[in-house]
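Trainee: Protein chains in written order, with the numbering used here: chain A, 978 to 1428; chain B, 637 to 1023.
Cβ atoms here follow ideal geometry from the backbone N, Cα and C, with glycine treated the same way.
Keep in mind it's a predicted model, so treat the numbers as computed, not measured.
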Amino acid sequence: MDATQDRSNRLSVTRAGGGLIADYWERLFTAREQGKQIVWYNGGALNPFFQAAGLAWCHGEAFAARLAAQRLEGPAQLAGAEYGYNAELCSYARTHLGCSVLTLQGEGERSGVVGMNDSRELAARLPSPDFFVNNYAGCSTGQQWDGISFRVFGKQLPIFNISHPFLWGNKPDAGYLRGEEWESASRYVAGQLRDLISFLEAQTGRPFDYDALSEAMTYIKRAAELRREGLDLCKAKPAPATFWDWIACVAPINFLPGDQALVDYFAAVRDEITERVAAGVSGVRDEKYRLYFDGIMNWNKLGFLSRKFAEHGAAVLCGRYIHNAFWQEPQLIDTADPILGMAQHYLLCPTNHGTKTLDYLTLRDCREYDVDGIVFHSTRTCRAFTGPQRLLAKSAQDKLGVPSIFFEGDVADASFYKEEILESRLVAMLEAIDVRRARGSQLAAAGAPVS
Amino acid sequence: MPDATDPLARLAGVARHTRGYIEGWRSAHPGQPVVGVLPMNFPREIAYAADTLPVVVQDDQQPVTEGRSLLAEFYCGYTRNLADQAATGRLNCYDALFLADHCIQLIGAADVVRAVLPEIPVFFGMLISSMSDTWAPGKIAEMMGEFRDDFGSFTGYPVTDEALASSIRAHNQDRQLIRRLFDERSSGSTAFTPGQLQDIVAASMVMDPAEHHALLAEAVSASREAPRDDRVRVHLSAHLCHAPRRELLDLIEDSGAIVVDDDLFHGRRYVSTDVDETGDPIDAIARWYAQRNATIPCPTRVQHDADWDTYLVGAVRSSGAEAVIHLLPKFCEPHMLYYPELRKGLDAAGIPQLLLETEHEGLPAESFRTRVEALVERARRKRPVSA
């Protein structure tokens, strides 16, 4: 790839998001000095509950992703490896557990700060938790990860777990957002969220502020609606923004506080995209191919992958991690009583569906965004995301004639990324798309029906 | 062909050639379904009470071929083997498949089966795995009730309390006899080798429990007392969901060690706990599921007051084991997550240990042998010097 020919044209507004995120982490790093209790949690976005309870919150995957995106994951992963975690273990979990190990080492200095001993490399100042909450749907490792964090901290800290039924789709009426399985699972998780509130009251010693929860969810719902509007605008040709722009928007929608700043941010994202559509500005200069991305993000390679696909004129414009996650169905949220809608979003984690539903969602998005091909990120240590990928690839080929490639990488461990494999397979798929188009043009010129 | 007069050989034959047993059972029970059960917690008792033959689907140790295009190579060997069995017709001997565990790799494999073999219904009811939750007992009982209903729908006949009680008795009786062999081994007997015990357990996962019990009783009555020798006493740990290769068990005992206890799934773990024979049978099966994790904690469950490391140290003290060998199937995330806690616990107790990571295809025999021999030497050096 020639680095001098960067054809990517990222949204400028996401830089503002970077500022919001930096402010959030700074508040978290200084939470102890502000006298706040700190909760470590994993899985679905529980932050509105913590916001309403007056807590500071750290999302484990987000912290691991942040370290990886800044290429600062090394010390935590090394600490995890020395503690005994196998390199094939989920690298989110491995990185975050490494942070726990570093935290405990730091406590030798009575700092209670992750990586105090190694702060130069880690550049992270994560305060140790007062308690844990686990909210993992779809991935068995996620639930066990917090169970192990609890043990690493000597079984001394309180922990609360929310269980999520996997949406397998056994019943005849089962489907996306419908059927008895969906309804009963929603009620079950909502009931556990009410118990979570009791747990938070016990930890904080304060009554839970339901009005604050409604307020936070009102902002989040609006932000989510704006996000969906922006995503829909990306169906335009050429696409005004890409998957990589939306990746840059994951942190705000996933764990920033529900407030006016969040709404303003997503309004700005939507507005910039709207302006681009009106002006015919594309996210990739001279867009030639439209691709779907399946897989969890490779955080070590965000900027690199953005440029790489753009160099080939490939606009990666939608994907499971973006379109089927992060408050993606805001109409489900009743802001006056948001608990059921929140429970439903936790269940809608993109790894918590059987392949039948994922097949429906993937093919739907491929059609709506008129994609030419699919890129599967075969995410080495994420079995939850990779499980159905082979079946989805076959289905897209059989039902839509959409070809796909797989490339190897990982969420937070750069050592699994195989550059040459991605390059050669991507080029081969794009050439195949060219050939198919050329054949279609010839048939059309000859007056034959084009399939 | 196993020797038809040797009960142990017949049990080994079933364990190693599951499909042959199923074929024979079908001939003897025309019209009765055979259901595949995926490990590790689906209650066979309910399936058996529904007049089906429940078979815990075994890793048949065939190389993964077509399954490679269905699941990623970094899924565990067992789940890739399942995908391969589905893709190559080796699962066609089942009329349905049932799953109760939440392991994402097992779910992935079950999804492959559902896609590749649409004519075989795949039932998945996820048993709660967070055992400390206050609502766990109720949710477990609810799910066991759903399994009962699923079988009623599947066979067209309701599963009665009487049938459940009878099934529970049959399974308890078989488990108790198998467990006796493990208890005798940990107390000093070597009447059965690790490979034979593995065959006995694997056969119990496949056979009609009454038939298995009768055959095993024959084998036990024909066995001879055999005390331990002076080899280093080891405890084998884990290898969840599927059995380690028999060659590995032989290799360990050929390297100066003698296996005196285990918590393998194809070992003591599978038979650790009986179902209460009194009261409502579904409630009893629900309590059995919860109790299993207290008896021998499993890393696939989250239970704050059940510690696998504590269990392991206690088991070692009880059997007189001098070392522990962790058998970790490559890519088994629950085991990978828990392993450092085990290491810490055993280190603190001064118990030598060795981690062997097993692969689905192949066995690096000489490398493993060297490592086991090194462990044996370490353990020997800890023995008190006799005057």
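1) Alpha carbon to alpha carbon, how far is A/ASP1241 from B/ARG789? Give it in angstroms, no decimals.
2) On the DSSP letters alone, give me the boundaries of the beta strand (DSSP E) that B/ARG869 sits inside.
3) Could you pull the start and end residues of the alpha helix (DSSP H) that B/GLY660 belongs to?
4) If you draw a straight line from the C-alpha of A/ALA1409 to the C-alpha of A/GLY1378, how long is it?
5) Suppose you measure from the CA of B/HIS807 to the CA of B/ALA846; what does that come to, to the nearest Å?
6) Here's a check: name, in chain order, each residue in its chain whose Cβ is nearer than 7 Å to the Cβ of A/VAL990, leaving out the five neighbours to either side.
7) Starting from the C-beta of A/PRO1315, find all residues in its chain whose C-beta is less than 7 Å away, skip the five residues before and the five after it, and write them out in chain order.
8) Taking B/HIS996 as the query, report the chain E residues whose CB atoms sit under 7 Å from its CB, ordered along the chain.
9) Enumerate in chain order the residues of its own chain whose CB-to-CB distance from A/ARG1414 is below 8 Å, with the five nearest sequence positions on each side excluded.
10) Cα-Cα, which of B/GLU861, B/ARG811, B/GLU854 and B/ALA799 is closest to B/THR829?
11) Between which two residues does the alpha helix (DSSP H) harbouring B/ASN808 extend?
12) What does A/GLN1120 reach in chain B if we use C-beta pairs closer than 7 Å?
13) Compare the beta carbon distance of B/VAL870 and B/ALA957 with 8 Å and say whether it is the shorter of the two.
14) Cβ atoms of B/PRO988 and B/THR936: under 8 Å apart, would you say?
15) Here's the rule I'm using: 16 or more other beta-carbon atoms within 10 Å means buried, otherwise exposed. How should A/ALA1216 be labelled?
16) Provide the residue span of the beta strand (DSSP E) that contains A/ARG1267, from first to last.
17) Answer yes if the stretch 1137 to 1155 of chain A comes into contact with the stretch 1334 to 1343 of chain A, meaning at least three C-beta pairs across the two stretches below 8 Å, and no otherwise.
18) Give the straight-line distance between the Cα atoms of A/ALA1391 and B/ASP899, rounded to the nearest whole angstrom.
19) Determine the direct distance from the alpha carbon of B/VAL837 to that of B/SER663, and round the result to whole angstroms.
20) Can you name, in chain order, every residue of its own chain whose Cβ lies under 8 Å from the Cβ of B/ASP890, other than the five neighbours on each side?
21) What's the call for A/ASN1111, buried or exposed, on a 16-neighbour Cβ count within 10 Å?
22) Hey, quick one: how far does the alpha helix (DSSP H) through B/PRO949 stretch, first residue to last?
23) For A/GLN1305 versus A/LEU1325, is the C-beta spacing smaller than 8 Å?
24) Check distances from the C-beta atoms of the stretch 708 to 725 of chain B to those of chain A and list, in chain order, the residues that come in under 8 Å.
25) Quick one: measure Cβ to Cβ for A/ASP1387 and A/THR1358, integer angstroms, because I've assumed they're closer than 8 Å.
26) Kindly indicate if chain A contains any beta-carbon less than 8 Å away from that of B/GLY781.
27) Fully enclosed by the stretch 980 to 1023 of chain B, which alpha helix (DSSP H) runs are 4 residues long or longer?
28) Mind listing the chain B neighbours of A/CYS1211? Cutoff is C-beta to C-beta under 7 Å, in chain order.
29) Taking the DSSP output, what are the residues bridged to A/TYR1113?
30) Leaving out five residues on either side along the sequence, give the residues of the same chain with a beta carbon under 6 Å from the beta carbon of A/SER1428.
31) Measure from the C-beta of A/GLU1178 to each C-beta in chain B and report whether the shortest distance is under 8 Å.
32) Run through DSSP, which three-state label would B/ALA651 get?
33) From which residue to which residue does the alpha helix (DSSP H) around B/HIS902 run?
34) Go ahead and pull the three-state DSSP assignment for A/SER1283.
Mentor: So, from the data block:
1) Here residue 789 of chain B turns out to be Ser, not Arg, going by the sequence shown. If you take the alpha carbons of B/SER789 and A/ASP1241, they lie about 53 Å apart.
2) 868 to 874
3) 654 to 664
4) 12 Å
5) 8 Å
6) Closer than 7 Å at the Cβ level, and outside the excluded window around A/VAL990, lie ALA1245, VAL1246 and GLU1249.
7) LEU1190, SER1191 and MET1194
8) Although the question refers to chain E, the structure presented lacks it and instead comprises the protein chains A and B.
9) none
10) B/GLU861
11) 797 to 822
12) SER765, SER766 and VAL938
13) yes
14) Contact annotation: B/THR936 and B/PRO988 have beta-carbon atoms that are not nearer than 8 Å.
15) buried
16) 1266 to 1271
17) yes
18) 36 Å
19) 24 Å
20) ARG1005
21) Per the 10 Å Cβ criterion, buried.
22) First, the amino acid is wrong: residue 949 of chain B is Val here, not Pro. Membership of B/VAL949 in the alpha helix (DSSP H) is indicated by the continuous run 944 to 955.
23) yes
24) Contacts with chain A (Cβ-Cβ distance below 8 Å) from the stretch 708 to 725 of chain B involve ALA708, PHE710 and TYR711, listed in chain order.
25) Contact check for A/ASP1387 and A/THR1358: beta-carbon distance about 5 Å, within the 8 Å limit, so the pair qualifies.
26) no
27) 1001 to 1017
28) Those do not exist, as A/CYS1211 stays about 29 Å from chain B at its closest Cβ, beyond 7 Å.
29) A/TYR1113 is not bridged to any residue.
30) Interpretation of A/SER1428 is limited by its pLDDT of 49, a score under 50 that renders its predicted location unreliable; the figure taken from the coordinates is listed afterwards. If we look at A/SER1428 and ignore the five residues flanking it on each side, it has no Cβ neighbours.
31) no
32) helix
33) Premise fails: B/HIS902 is in no alpha helix (DSSP H) and is neither H nor E.
34) helix
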